[in-house]
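All the letters of the sequence shown, read from the start, carry residue numbers -19 to -1, 1 to 208 under mature numbering (1 follows the signal peptide of the UniProt record, and there is no 0).
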Amino acid sequence: MRTIALLLSLLLAAAPARAQKPEPAMAALLTRLDANRPDLADACMTAAFERRKVTPLLRKPLASSGVLTASGGALRWETLRPRPGTTVIAGGEMRIVYPDEKRVEVYDLSVAGGMGFGPASPLSELTERFEVVEAEPPAWAGADAADPLPPLIGLRLVPRDAAVAEQLRSIGLGIEEATGAVRLLETVDGDGSSTSYRFASPEVKPEPCVIEPPAPEGFEVVRPYGG
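Okay, here's the thing in structure tokens:
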């Protein structure tokens, strides 16, 4: 989950670009997708995820999997395989728990100025920090036959901030139009490394779920960027 920490820290370090209106067709597309997305203010969404990381030095991808839970403005990634781990974004913080290391990393997200990073955030807000264009959805080999991917709308996000773009080349999204749900996500770093996610069997329940920042007893708590 350090990939998520790096991504958020880069975006939070960059001030939102001066408001730039997207092309009318793109604005209409984002508005349509936003209208189809579930309201998680008083609901709970869960989805299984698979993650693959590829770097120029690896012979084969590093793979992991687990369960994603989202409710209100909170988000929880529960990695189950190959090693357990938990990442929670809630209350203006991101906490990453590494059970094997007995360590909790804490990142302050309050400097985001209220901009949400959860799945309930409007897609139209992406244009503040990214140039958004239509593209092919991210590739994913070996899709689960039990949960085949529906037709997806592909978006490619390129950071507007030059300093961020040096570290993060682009983000690819594959979005299910009927629900507005992100089913595929890919980040490409400045060195060509990529991390891909596939979200399967998304389910929305009408009642909220409790997502609390983890604070396991006896774990070292560190703040890599201070705060």
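Don't be surprised by glycine CBs; every beta carbon is placed ideally from N, CA and C. Since this is a predicted model, take the numbers as computed values, not measurements.
- By the 16-neighbour rule on beta-carbons within 10 angstroms, residue 12 is exposed.
- For residue 136, the secondary structure class from DSSP, reduced to helix, strand or coil, is strand.
- Per DSSP, reduced to three states, the secondary structure at residue 85 is strand.
- Within the same chain, Cβ atoms closer than 7 Å to the Cβ of residue 189 are found at 23, 24, 25, 52, 53, the five residues on either side in sequence being excluded.
- Straight through space, the alpha carbons of residue 139 and residue 145 are spaced by roughly 10 Å.
- Residue 191 sits in coil when the DSSP states are folded into three classes, being neither helix nor strand.
- Within the model, the alpha-carbon separation for residue 80 versus residue 164 is close to 28 Å.
- A direct Cα-to-Cα measurement between residue 203 and residue 118 gives close to 37 Å.
- By the neighbour-count criterion, in which 16 or more other beta carbons inside 10 Å mark a residue as buried, residue 175 falls on the buried side.
- Here the region 37 to 44 does not lie against the region 184 to 200, with fewer than 3 beta-carbon pairs under 8 Å apart.
- Taken atom to atom, the span from the alpha-carbon of residue 132 to that of residue 29 is near 19 Å.
- Per the coordinates, the alpha-carbon of residue 156 lies some 11 Å from the alpha-carbon of residue 116.
- The DSSP-derived three-state label of residue 40 is coil.
- Taking every protein chain shown into account, the CB of residue 88 has 16 or more other CB atoms within 10 angstroms, so this residue is buried.
- Distances from the alpha-carbon of residue 147 to those of 153, 154, 169 put 169 closest.
- Listed as beta-bridge partners of residue 58 by DSSP are 49, 68.
- By the beta-carbon neighbour count (other beta carbons within 10 angstroms, threshold 16), residue 184 is exposed.
- Secondary structure in the region 148 to 191: the beta strand (DSSP E) runs of 3 residues or longer, each lying completely within the stretch, are 149 to 157, 162 to 170, 175 to 186 in chain order.
- For residue 28, the enclosing beta strand (DSSP E) starts and ends at 25 to 35.
- Residue burial annotation: residue 55 is buried, with at least 16 other C-beta atoms found within 10 angstroms of its C-beta.
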